[in-house]
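Residue numbers (full-length UniProt numbering): 1 to 332.
Contents: one structure, followed by commentary.
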Ligand code: F6P
Ligand code: MN
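In structure tokens form, the structure reads like this:
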């Protein structure tokens, strides 16, 4: 119900499945708490000395920002003791993160990007946290990386939180998409955007145009047609946006439609895309599909990909269905 607190919404959902133990509800509630703690640190910014680089690199060879490290630590510390997880995987950690022996283990695995769009931190633009929940294989006390390598169709839930003018949480448990706004005075996420649906009609695209010369022909053709608009055979003119925070782009698409792409490019043969399957592409594809949109690499549905490593990168083309299908058709 519009205006419900997240906890109440989750318990309401839980009651719909007779076999639910409440573990999943508790896990989502703990994730919400972790995101509130991260939102607080992002908001404090320079006041808490949180801006700037940390002086370290992650496995992707990217310079970590202080807030990347803070958000990662907060997320891990908030979830490792809860008893709902069997292991975690973070974009910022080379290896999977085991649950410390002192704590109980649960039946879920979580993959997360603690602070997406971190190039925007120091310039006060929207950043966010993305997460994907999978089931741990039964009877496995100490999950390995291989246990995480499940296709996106196996996700039990996915969501993201954006730290912008307001702090928002978008969530799917495979039964539509709901958006919650953080009420700071009360300290709770409130259901403000029930049953989010991606508008089918769109005339907005998001892509980093500076990579144009590295794209493949089908993507060049699609963007070229958008740029030419009515003068080039499309029925309308297009508008462009590029926030460089996937969380903000996906939120915009959920709200007013559009297409987002980080397509295959030839800059680096070891990176067949920029975005990471487990922490970015899969959770966002689950959300987008649940909101009536589509998501593809251009050649295949993202949620069907059998992952080959937790840090695997893939091309991503997602958003309003008709536009994504058009790009896919150009790849055929
Ligand atoms: O985490 C990857 C990310 O920051 C996304 O949030 C964003 O869409 C993209 O990278 C921005 O890439 P670029 O710096 O090439 O614009
Ligand atoms: Mn990211």
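Where is the CB? At the ideal position from N, CA and C, for every residue including glycine.
Beta carbon of residue i nearer than 8 Å to that of residue j
{"i": "residue 166", "j": "residue 182", "result": "yes"}
{"i": "residue 23", "j": "residue 84", "result": "yes"}
{"i": "residue 87", "j": "residue 131", "result": "no"}
{"i": "residue 170", "j": "residue 179", "result": "yes"}
{"i": "residue 214", "j": "residue 299", "result": "no"}
{"i": "residue 273", "j": "residue 264", "result": "yes"}
{"i": "residue 247", "j": "residue 189", "result": "no"}
{"i": "residue 291", "j": "residue 221", "result": "no"}
{"i": "residue 308", "j": "residue 149", "result": "yes"}
{"i": "residue 50", "j": "residue 67", "result": "yes"}
{"i": "residue 327", "j": "residue 177", "result": "no"}
{"i": "residue 14", "j": "residue 7", "result": "no"}
{"i": "residue 78", "j": "residue 37", "result": "yes"}
{"i": "residue 316", "j": "residue 294", "result": "no"}
{"i": "residue 250", "j": "residue 223", "result": "no"}
Residue i, enclosing alpha helix (DSSP H) - first and last residue
{"i": "residue 38", "result": "23-44"}
{"i": "residue 78", "result": "66-79"}
{"i": "residue 289", "result": "282-290"}
{"i": "residue 246", "result": "246-256"}
{"i": "residue 163", "result": "First-last for residue 163: 157-163, but that is the beta strand (DSSP E), not the alpha helix (DSSP H)."}
{"i": "residue 227", "result": "217-228"}
{"i": "residue 10", "result": "6-14"}
{"i": "residue 148", "result": "145-148"}
Heavy atom of ligand 2 within 7 Å of residue i beta-carbon
{"i": "residue 377", "result": "What the structure shows of the chain is the stretch from 1 to 332, and residue 377 is not part of that stretch, so it cannot be assessed."}
{"i": "residue 116", "result": "yes"}
{"i": "residue 113", "result": "yes"}
{"i": "residue 1", "result": "no"}
{"i": "residue 325", "result": "no"}
{"i": "residue 249", "result": "no"}
{"i": "residue 418", "result": "Lying before the first or after the last residue shown, residue 418 is absent from the chain, which here runs from 1 to 332."}
{"i": "residue 91", "result": "yes"}
{"i": "residue 280", "result": "yes"}
Residue interval of the beta strand (DSSP E) (run including residue i)
{"i": "residue 193", "result": "188-193"}
{"i": "residue 316", "result": "316-319"}
{"i": "residue 116", "result": "108-116"}
{"i": "residue 123", "result": "Unbroken run through residue 123: none, as it is neither H nor E."}
{"i": "residue 204", "result": "204-206"}
{"i": "residue 183", "result": "177-183"}
{"i": "residue 49", "result": "It is not in any beta strand (DSSP E) - residue 49 carries neither H nor E in the DSSP assignment."}
{"i": "residue 295", "result": "294-296"}
Proximity test, residue i beta-carbon vs ligand 1 heavy atom, cut-off 7 Å
{"i": "residue 274", "result": "yes"}
{"i": "residue 201", "result": "no"}
{"i": "residue 244", "result": "yes"}
{"i": "residue 208", "result": "yes"}
Residues that residue i bridges to, as DSSP identifies them
{"i": "residue 265", "result": "215"}
{"i": "residue 198", "result": "DSSP, once it has assigned bridges, lists no residue as partnering residue 198."}
Notebook entry, point to check: Are three or more beta carbon pairs between the stretch 219-232 and the stretch 277-294 nearer than 8 Å?
Noted result: no
Item checked: Stretch pair the stretch 300-313 + the stretch 241-261: three plus CB contacts closer than 8 Å -> Under the 8 Å Cβ criterion, the stretch 300-313 does not count as touching the stretch 241-261, having fewer than three qualifying pairs.
Margin query: For the stretch 39-46 against the stretch 196-213, do three or more pairs of beta-carbon atoms, one drawn from each stretch, fall closer than 8 Å, so that the two count as touching?
Written below: no
Next item on the list: Please confirm if the stretch 51-59 is in contact with the stretch 105-116, defined as three or more CB-CB distances below 8 Å between the two stretches.
Entry: no
Next item on the list: Give a yes or no on contact between the stretch 141-155 and the stretch 309-320, applying the rule of three or more CB pairs nearer than 8 Å.
Entry: yes
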